[in-house]
Amino acid sequence: MMNTGQICVIGLLLCAVGLCTSAAKPGRCPPEAFLAEKYLSHTNRCRSDGDCGGNKKCCMDNGENFCKPPAHERPGACPFGTRVPRKTDYCTSDSMCPVGSKCCFREGGRTCLPSVGVKKGSCPPGIMINCFVPMRSGCQSDSTCPGNEKCCRSGCYSECKPPNF
404 MMNTGQICVI GLLLCAVGLC TSAAKPGRCP PEAFLAEKYL SHTNRCRSDG DCGGNKKCCM
464 DNGENFCKPP AHERPGACPF GTRVPRKTDY CTSDSMCPVG SKCCFREGGR TCLPSVGVKK
524 GSCPPGIMIN CFVPMRSGCQ SDSTCPGNEK CCRSGCYSEC KPPNF
């Protein structure tokens, strides 16, 4: 039969070889990203949430574990712009961006952009396609439309339209 001292020694040995894990922190990991080399070289690698400072979580990305802020959706919307196949993501969720910004798709990947206001209601159904040319834009965001109209995508352009409620 083992005594308390022997159990403690075994526990310490297990932790020393990386078999101990700390309790998971609240929140969920942001989606995986096509990470910039700059991000990879300046980000702490980890084995569990306990290896990460503050509220950061240990999240899988590009085949490795990195400390990242938990995913958090901020109010507002991303301004309209071109969506093309990604090359590098500089963010994967709003929590990786400064306050007042959102993680938005842009040419070449996701990046932090100032968020724009969103008016009540929803855009009427339209043709939703991925445009591989710059979008023609009649509006940039709801705030650029008069009254209660919303800035809505329709094909490869955007225009102000009355909302659906």
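Numbered by my numbering, the letters in the sequence shown go through residues 404 to 568 in order.
Where a beta carbon is used, it is the ideal one built from N, C-alpha and C, also for glycine.
Rounded to whole angstroms, what is the Cα-Cα separation between K564 and E476? Those two C-alpha atoms are separated by around 26 Å.
Alpha carbon to alpha carbon, what distance is there between G512 and C547? In the sequence under discussion, the amino acid at residue 547 is Thr, which differs from the Cys named in the question. Roughly 25 Å separates the two Cα atoms.
Taking just the CA atoms, how far does A426 sit from Y560? Going from the Cα of Y560 to the Cα of A426 covers about 48 Å.
Going by C-alpha to C-alpha distance, which of A480, T495, C506 and S498 sits closest to K553? The residue with the shortest Cα to Cα distance from K553 is A480.
Note down, in chain order, each residue of its chain lying with its Cβ closer than 6 Å to the Cβ of C507, except the 5 sequence neighbours on either side. Around C507: C481 and L516.
Which of the three DSSP states is assigned to G453 in this structure? Helix at G453.
Residues bridged to C555 [DSSP beta-bridge criterion]: Answer is E562.
Which of helix, strand or coil does DSSP assign to V487? The pLDDT assigned to V487 is 49, lower than 50, so where the model puts this residue is not dependable; a value taken from the coordinates is nonetheless given after this. Note: V487 maps to coil in three-state DSSP.
Is DSSP giving T547 helix, strand or coil here? The answer is helix: DSSP assigns T547 an H, G or I state.
Distance check for F568 and D350, CA to CA, integer angstroms please. Because the chain here runs from 404 to 568, residue 350 falls outside it and cannot be looked at.
Taking DSSP as the reference, what is the three-state secondary structure of A498? The sequence given here has Ser at residue 498, not Ala. Note: S498 maps to helix in three-state DSSP.
Opposing strand residues paired with A480 [DSSP bridges]: DSSP lists V519 as partners of A480.
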